[in-house]
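Working notes for the structure below.
Number of protein chains: 2
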Amino acid sequence: MESARKQEIIAEAAQLFATRGYHATSMRDLAKALALQGGSLYSHIDSKEELLWLIVDEAASQFLAMLHAVTASDTPPEATLRDAVRGHVGVIANDLAAATVYFHEWRFLTEPRRSAFLARRRDYEARFRQIVAAAVVDSPAVDPKWATTLILSATNWLYQWYDPAGPLPPDELADRYITMLFHGILMPQPVP
Amino acid sequence: MESARKQEIIAEAAQLFATRGYHATSMRDLAKALALQGGSLYSHIDSKEELLWLIVDEAASQFLAMLHAVTASDTPPEATLRDAVRGHVGVIANDLAAATVYFHEWRFLTEPRRSAFLARRRDYEARFRQIVAAAVVDSPAVDPKWATTLILSATNWLYQWYDPAGPLPPDELADRYITMLFHGILMPQPVP
DNA sequence: CCTACCGATCGGTAGG
DNA sequence: CCTACCGATCGGTAGG
Chain C
22 MESARKQEII
32 AEAAQLFATR
42 GYHATSMRDL
52 AKALALQGGS
62 LYSHIDSKEE
72 LLWLIVDEAA
82 SQFLAMLHAV
92 TASDTPPEAT
102 LRDAVRGHVG
112 VIANDLAAAT
122 VYFHEWRFLT
132 EPRRSAFLAR
142 RRDYEARFRQ
152 IVAAAVVDSP
162 AVDPKWATTL
172 ILSATNWLYQ
182 WYDPAGPLPP
192 DELADRYITM
202 LFHGILMPQP
212 VP
Chain E
22 MESARKQEII
32 AEAAQLFATR
42 GYHATSMRDL
52 AKALALQGGS
62 LYSHIDSKEE
72 LLWLIVDEAA
82 SQFLAMLHAV
92 TASDTPPEAT
102 LRDAVRGHVG
112 VIANDLAAAT
122 VYFHEWRFLT
132 EPRRSAFLAR
142 RRDYEARFRQ
152 IVAAAVVDSP
162 AVDPKWATTL
172 ILSATNWLYQ
182 WYDPAGPLPP
192 DELADRYITM
202 LFHGILMPQP
212 VP
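Quick mapping for you: the protein sequence lines, in order, are chains C and E.
By the working numbering, the letter at position 55 of the first sequence is numbered 76, and the numbering carries on one by one without gaps.
By the working numbering, the letter at position 90 of the second sequence is numbered 111, and the numbering carries on one by one without gaps.
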């Protein structure tokens, strides 16, 4: 467990890394945002990269925990996929800064953390693909691999533009995406 | 017009900015990749940010020129949208480094370049939305605004993973996406 | 295009 | 958590 103060430092680092980028954020920027002197950060953390790691690893845990919750209940395949998309959007929208670092800044991790991160992310995507495969089993023209890539691509992009203070709640956005992804944008009549 | 040498510098900068990020790339990194001394770069360019600007502005021109070409011919709305998606994917796949900087590093531009970039990007997206609107006009359940966001989100993400040396040519990838986006992933039977 | 250099700032540490 | 500092490196310039 991290101390409360360390959690504050991590949260502030996520905001700054998301806004300015990892390398463009100096430890003195971070210290200033926390009303500390530069060197004082190091009584709580070991290095700048440790902060990056803690942010993306926590985000990875959020995504995986969400998928486990979604697959735990006994739900039809299509509804499970709908829940997974909602959950994926929800994790992103719930902490946009962490999601931005997860999708964007992780590549500045050095080994072995970089590989550890990628392994968790690949695990998540493989689990997601199984949910997609179960839902599209009656659609022989659809390759679950590419359907998963399409779904995650579209939703991952949220970190680039989604505004939690805007008019569209995460679940409504997810449902809009789900309707289009499930039935297509050229459907001739409305889908319930 | 930029000199041939300057074009080489811009191309190398795009590669480095895409791989390491704008701030994590030093001018000495760039000079070294070009077999120059650090200070020698400044006989060709004014500043590091000028390089960033030239990369994203050229990418913006590529996207806009593509859309103009697509809308110039007299093609049915659905086919025009298909061509636009293929074109969008093509521009990204054709220069992944430039696309990465366009989607990812532009935010390190300072004013007034930052606003100039965003204006061109908004213009492109508005034009793309018109193409989508014409294609989905018979689908009353589909909002062209969200359909456009879905399409561009899914395709923009390509810069994160697409490998031009891989087995899937850009047009085939685009057609896979188009099939799923047009008809949905839950369609009960194959679509021609 | 090079050498040599500028002031500023970087991540991190010692010692308290 | 602070003060004071380390060596390294940053973007950019002067003068040739």
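Positions of the beta carbon are idealized from the N, C-alpha and C atoms, including for glycine.
Interface positions of the segment 159-182 of chain C facing chain E (Cβ-Cβ less than 7 Å), listed along the chain:
Asp159, Ser160, Pro161, Ala162, Val163, Trp167, Ala168, Leu171, Ser174, Ala175, Asn177 and Trp178
Measuring CB to CB, does His204 of chain C end up less than 8 Å from Leu207 of chain E?
Translated into positions along the first sequence, residue 204 of chain C becomes position 183. Translated into positions along the second sequence, residue 207 of chain E becomes position 186. Result yes, Cβ atoms of His204 of chain C and Leu207 of chain E sit closer than 8 Å.
Exposed or buried, what is Leu37 of chain E when buried is set at 16 or more other beta-carbons lying within 10 Å of its beta-carbon?
Within the second sequence, residue 37 of chain E is the residue found at index 16, counting from 1. Classification of Leu37 of chain E: buried, given that the 10 Å Cβ count is 16 or more.
Among C:Ser47, C:Leu202 and C:Asp116, nearest to Leu171 of chain C - alpha-carbon criterion:
In the first sequence, residue 171 of chain C corresponds to position 150, counting from 1. That would be C:Leu202, whose Cα lies nearest to the Cα of Leu171 of chain C.
Taking 8 Å as the threshold (beta carbon to beta carbon), is Met208 of chain E in contact with chain C?
Start at 1 with the first residue of the second sequence, and residue 208 of chain E comes out as number 187. At least one chain C Cβ lies under 8 Å of Met208 of chain E.
Determine the contact status of Tyr183 of chain E and Glu126 of chain E, defining contact as a CB-CB distance below 8 Å.
As a position in the second sequence, residue 183 of chain E is number 162, starting the count at 1. As a position in the second sequence, residue 126 of chain E is number 105, starting the count at 1. Going by C-beta atoms, Tyr183 of chain E is not nearer than 8 Å to Glu126 of chain E.
Could you check the C-alpha separation between Pro211 of chain C and Asp104 of chain E for me, to the nearest Å?
Mapped onto the first sequence, residue 211 of chain C falls at position 190. Mapped onto the second sequence, residue 104 of chain E falls at position 83. Reliability fails at Pro211 of chain C, whose pLDDT of 46 lies under 50, so the model's placement of it is uncertain and no value is given.
Residue range of the alpha helix (DSSP H) that includes Val157 of chain E
Against the second sequence, residue 157 of chain E aligns to sequence position 136. Val157 of chain E -> no alpha helix (DSSP H), and no H or E assigned at all.
Would you kindly check if the distance between the Cβ of Thr176 of chain C and the Cβ of Val106 of chain C is under 8 Å?
Taking the first sequence and counting its residues from 1, one reaches residue 106 of chain C at position 85. Taking the first sequence and counting its residues from 1, one reaches residue 176 of chain C at position 155. In this structure, Thr176 of chain C lies closer than 8 Å to Val106 of chain C by Cβ.
Is the beta carbon of Ala52 of chain E closer than 8 Å to that of Leu62 of chain E?
Taking the second sequence and counting its residues from 1, the one referred to as residue 62 of chain E is at position 41. Taking the second sequence and counting its residues from 1, the one referred to as residue 52 of chain E is at position 31. Yes; because the gap between Cβ atoms is below 8 Å, this pair is in contact.
Are the CB atoms of Trp178 of chain E and Trp178 of chain C nearer to each other than 8 Å?
Indexing the second sequence from 1 puts residue 178 of chain E at position 157. Indexing the first sequence from 1 puts residue 178 of chain C at position 157. In contact: Trp178 of chain E and Trp178 of chain C (Cβ atoms closer than 8 Å).
Does Val158 of chain E pass the burial test, meaning 16 or more other C-beta atoms within 10 Å, or should it be called exposed?
As a working note, residue 158 of chain E is residue 137 in the second sequence. Label assigned to Val158 of chain E: exposed.
Leaving out five residues before and five after Thr46 of chain E in sequence, what residues of the same chain have Cβ atoms less than 7 Å from its Cβ?
Position 25 of the second sequence, counting from 1, holds the residue named residue 46 of chain E. These residues qualify, in order along the chain: Leu37 and Phe38.
Am I right that Val153 of chain C and Pro165 of chain C are in contact with their C-beta atoms under 8 Å? What's the rounded C-beta distance?
Against the first sequence, residue 153 of chain C aligns to sequence position 132. Against the first sequence, residue 165 of chain C aligns to sequence position 144. About 5 Å separates the two Cβ atoms, so the contact holds.
Proximity to Ala32 of chain C [Cα-Cα], best of C:Leu85, C:Val163 and C:Ala120:
Working through the first sequence from its first residue, we reach residue 32 of chain C at position 11. The alpha carbon of Ala32 of chain C has as its nearest neighbour, out of C:Leu85, C:Val163 and C:Ala120, the alpha carbon of C:Ala120.
Just reading off the alpha helix (DSSP H) that Gly108 of chain C is part of, what are its end residues?
As a position in the first sequence, residue 108 of chain C is number 87, starting the count at 1. Taken as a continuous stretch (DSSP letters only), the alpha helix (DSSP H) holding Gly108 of chain C covers Pro98 to Asn115.
Nearest candidate by alpha-carbon position, reference Ala81 of chain C, set C:Pro190, C:Trp167 and C:Ala140
For the purposes of this step, residue 81 of chain C is identified with residue 60 of the first sequence, where counting begins at 1. Cα-wise, what sits closest to Ala81 of chain C is C:Ala140.
Proximity test, Cβ basis, 8 Å: Gly205 of chain C and chain E:
Locating residue 205 of chain C in the first sequence gives position 184, where the first residue counts as 1. Answer yes: the Cβ-Cβ gap between Gly205 of chain C and chain E drops below 8 Å somewhere.
Beta-carbon spacing of Ala34 of chain C, Leu85 of chain C below 8 Å
Along the first sequence, one-based indexing puts residue 34 of chain C at 13. Along the first sequence, one-based indexing puts residue 85 of chain C at 64. Result no, Cβ atoms of Ala34 of chain C and Leu85 of chain C do not sit closer than 8 Å.
Contact set for Ala118 of chain C: own chain, Cβ-Cβ below 7 Å, skip 5 residues either direction
Along the first sequence, read from residue 1 onward, the residue named residue 118 of chain C stands at position 97. Around Ala118 of chain C: Ala35, Gln36 and Ala39.
Cβ neighbour criterion (16 or more within 10 Å) applied to Arg26 of chain E
Here the question's residue 26 of chain E lines up with position 5 in the second sequence. Flag for Arg26 of chain E reads exposed.
If we call anything under 8 Å between Cβ atoms a contact, is Phe149 of chain C one with Leu173 of chain C?
As a position in the first sequence, residue 149 of chain C is number 128, starting the count at 1. As a position in the first sequence, residue 173 of chain C is number 152, starting the count at 1. Yes. Within cutoff.
Glu99 of chain E and Ala156 of chain E: beta carbons closer than 8 Å?
Working through the second sequence from its first residue, we reach residue 99 of chain E at position 78. Working through the second sequence from its first residue, we reach residue 156 of chain E at position 135. Result yes, Cβ atoms of Glu99 of chain E and Ala156 of chain E sit closer than 8 Å.
For Phe129 of chain C, would you say it is in contact with chain E, using Cβ-to-Cβ distances shorter than 8 Å as the test?
By one-based count along the first sequence, residue 129 of chain C stands at place 108. Judged by the 8 Å Cβ criterion, Phe129 of chain C is in contact with chain E.
Using a beta-carbon distance cut-off of less than 8 Å, what residues from the segment 191-204 of chain E approach chain C?
Arg197, Tyr198, Thr200, Met201, Leu202, Phe203 and His204
Using 8 Å as the threshold, is the C-beta distance between Val122 of chain C and Met87 of chain C below it?
Here residue 122 of chain C corresponds to residue number 101 of the first sequence, with the count starting at 1. Here residue 87 of chain C corresponds to residue number 66 of the first sequence, with the count starting at 1. Judged by beta-carbon spacing, Met87 of chain C lies beyond the 8 Å limit of Val122 of chain C, meaning their Cβ atoms are not closer than that value.
Quick one: what does DSSP say Ala25 of chain E is sitting in, helix, strand or coil?
Walking along the second sequence from the start, residue 25 of chain E turns up at place 4. Ala25 of chain E: helix per DSSP, three-state reduction.
What would DSSP say about Gly59 of chain C, mapped onto helix, strand or coil?
To locate residue 59 of chain C, count along the first sequence from 1; it is residue 38. Gly59 of chain C falls in the helix class under three-state DSSP.
What separation, rounded to the nearest whole angstrom, lies between the Cα atoms of Arg41 of chain C and Phe129 of chain E?
Here residue 41 of chain C refers to the residue found at position 20 of the first sequence. Here residue 129 of chain E refers to the residue found at position 108 of the second sequence. Roughly 8 Å between the two C-alpha positions.
Chain E within 8 Å of Glu99 of chain C, Cβ atoms only
For the purposes of this step, residue 99 of chain C is taken as the residue at position 78 of the first sequence. Glu99 of chain C counts as touching chain E.
Give me the Cα-Cα distance between Ser94 of chain C and Thr101 of chain C, rounded to the nearest whole angstrom.
Along the first sequence, read from residue 1 onward, the residue named residue 94 of chain C stands at position 73. Along the first sequence, read from residue 1 onward, the residue named residue 101 of chain C stands at position 80. If I take the Cα positions, the gap works out to 9 Å.
Could you list which residues in chain E have their beta carbon closer than 7 Å to that of His44 of chain C, in chain order?
Start at 1 with the first residue of the first sequence, and residue 44 of chain C comes out as number 23. Near His44 of chain C (Cβ distances below 7 Å), the residues of chain E are Gly42, His44 and Ala45.
Residue-level contact to chain E via CB, Val212 of chain C, 8 Å cutoff:
Residue numbering aside, residue 212 of chain C sits at position 191 when the first sequence is read from its first letter. Bear in mind that the predicted position of Val212 of chain C carries a pLDDT of just 48, short of 50, making it unreliable; the figure below should be weighed with that in mind. Yes - at least one Cβ of chain E is within 8 Å of the one on Val212 of chain C.
Using a beta-carbon distance below 8 Å, is Val157 of chain C in contact with chain E?
For the purposes of this step, residue 157 of chain C is taken as residue 136 along the first sequence, with counting starting at 1. Yes, Val157 of chain C counts as interfacial toward chain E.
CA-to-CA distance, Thr131 of chain C to Asp67 of chain C, given in whole angstroms
Within the first sequence, the letter at position 46 stands for residue 67 of chain C. Within the first sequence, the letter at position 110 stands for residue 131 of chain C. Looking at the two C-alpha atoms, the distance is approximately 15 Å.
From Arg142 of chain E to Thr200 of chain E, what distance separates their C-alpha atoms?
By one-based count along the second sequence, residue 142 of chain E stands at place 121. By one-based count along the second sequence, residue 200 of chain E stands at place 179. Using only the alpha carbons, I get a separation of about 26 Å.
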